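The listed protein sequences derive, respectively, from chains A and B.
In this note's numbering, each residue's number is its place in the first sequence (first place is 1) plus 52.
In this note's numbering, each residue's number is its place in the second sequence (first place is 1) plus 10.
Ideal Cβ positions, reconstructed from N, Cα and C, are used throughout, including at glycine.
Everything numeric in this text was worked out from a predicted model, so none of it was measured.
Reading through the C-alpha cells given below for one structure.
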Amino acid sequence: DVKVTQSSRYLVKRTGEKVFLECVQDMDHENMFWYRQDPGLGLRLIYFSYDVKMKEKGDIPEGYSVSREKKERFSLILESASTNQTSMYLCASSLVSAADGVEQYFGPGTRLTVT
Amino acid sequence: GQSLEQPSEVTAVEGAIVQINCTYQTSGFYGLSWYQQHDGGAPTFLSYNALDGLEETGRFSSFLSRSDSYGYLLLQELQMKDSASYFCAVKRYSTLTFGKGTMLLVSP
Numbered sequence: 053d054v055k056v057t058q059s060s061r062y063l064v065k066r067t068g069e070k071v072f073l074e075c076v077q078d079m080d081h082e083n084m085f086w087y088r089q090d091p092g093l094g095l096r097l098i099y100f101s102y103d104v105k106m107k108e109k110g111d112i113p114e115g116y117s118v119s120r121e122k123k124e125r126f127s128l129i130l131e132s133a134s135t136n137q138t139s140m141y142l143c144a145s146s147l148v149s150a151a152d153g154v155e156q157y158f159g160p161g162t163r164l165t166v167t
Numbered sequence: 011g012q013s014l015e016q017p018s019e020v021t022a023v024e025g026a027i028v029q030i031n032c033t034y035q036t037s038g039f040y041g042l043s044w045y046q047q048h049d050g051g052a053p054t055f056l057s058y059n060a061l062d063g064l065e066e067t068g069r070f071s072s073f074l075s076r077s078d079s080y081g082y083l084l085l086q087e088l089q090m091k092d093s094a095s096y097f098c099a100v101k102r103y104s105t106l107t108f109g110k111g112t113m114l115l116v117s118p
C-alpha cells in the first residue's frame with residue numbers, strides 16, 4: 053500500500069514564524085502536491101512537483117514556497133506565517149502512469165493554527 | 011477562468027440510490043475524477059472518466075458527458091459508511107482542480 057506521511061498532525065505557530073511542513077511518500081511516485089482545505093472551499097492546490105528539484109505554482113502559491121531535494125520528500129514552507137494561513141494542509145502523490153496521474157494518494161493532513 | 015459546481019449537501023436513506031452531479035467550465039480539460047473524504051480523514055480516489063460514458067466500480071459508477079460539461083457519481087445500495095464528502099475534480103494538464111464538495115448524509 054502507498055503510504056504518504058506528514059510530519060505533524062497538529063501544529064500551532066505564531067504570526068511571523070517560518071513554518072515547515074514535511075511530506076514523505078514511499079512508493080517512488082513522480083508527482084507530489086500540496087493542497088490546503090478550508091470549509092466550503094474544497095481543496096486548493098498550492099504547489100506541485102513532477103520531479104526532484106522541479107516545482108510549479110498551483111492556484112494559490114502566494115505566501116508559500118516548496119522544496120523537493122529528494123524524490124520521496126516534498127516540503128511546504130510558510131516564510132512568514134499569517135493568520136489567514138490557518139488551515140488543513142494536505143500532501144498528495146501520484147504515479148504518472150496510473151490513471152494519467154489522476155489517482156492521488158493523500159496524507160492524513162496537518163491542521164495548522166497561526167495565532 | 012474555471013469553475014466546478016456540485017450540490018453542497020445530499021441526503022438519502024440506506025439501500026437507496028443517489029446521484030451527485032458536477033458541472034464544470036474549464037480550459038484544457040482532460041477528464042473528470044471523483045474523490046471521497048470521510049470526516050477527519052484523507053481524500054481517497056474513487057474514479058476517473060477521460061471519455062464520455064459510464065464507468066462502473068462495484069456499487070459506485072461515474073459518468074461523463076464532455077459535450078455538456080457534466081458528470082455525475084452514482085452510488086447504489088447506500089450504506090451508512092457512505093456518509094462522507096464527495097469531490098469532483100477536473101484534470102487540467104498535469105493537475106486536478108477540485109470542486110467544493112458534496113456532503114452525503116445516509117440515514118437508517
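DSSP places GLY68/B in the coil class of the three-state scheme, outside both helix and strand. The closest CA to that of GLU124/A, considering only SER117/A, VAL71/A, SER145/A, is found on SER145/A.
The beta carbons of GLU155/A and PHE55/B sit closer together than 8 Å.
With a threshold of 8 Å between beta carbons, VAL104/A makes no contact with chain B. Residues of chain B whose Cβ lies closer than 7 Å to the Cβ of PRO160/A are, in chain order, ALA52. Beta bridge pairing from DSSP links LYS65/A with VAL166/A.
With respect to GLY110/A, ALA52/B sits apart: the two C-beta atoms are not nearer than 8 Å.
Burial state of ASP90/A is exposed, judged by a 10 Å Cβ sphere holding fewer than 16 other Cβ atoms. Out of LYS101/B, THR107/B, GLN86/B, the CA that lies nearest to the CA of GLN29/B is found in GLN86/B. Between MET84/A and SER101/A, the C-beta spacing is below 8 Å.
Just measuring C-alpha positions, the residue of SER117/B, THR112/B, PRO118/B sitting nearest VAL20/B is THR112/B. Within the region 99-114 of chain B, contact with chain A at the beta-carbon level (separation under 9 Å) is assigned to ALA99, LYS101, SER104, THR105, LEU106, THR107, PHE108, GLY109, LYS110, GLY111. GLY94/A sits in a strand when the DSSP states are folded into three classes. The shortest C-alpha to C-alpha distance from MET106/A to any of ARG66/A, LYS122/A, GLU131/A is the one to LYS122/A. Annotation: the continuous beta strand (DSSP E) that includes LEU106/B extends over 105-108. Assignment of GLY153/A by DSSP, reduced to helix, strand and coil, places it in the helix class.
In the DSSP assignment, LYS101/B falls within the unbroken beta strand (DSSP E) covering 94-102.
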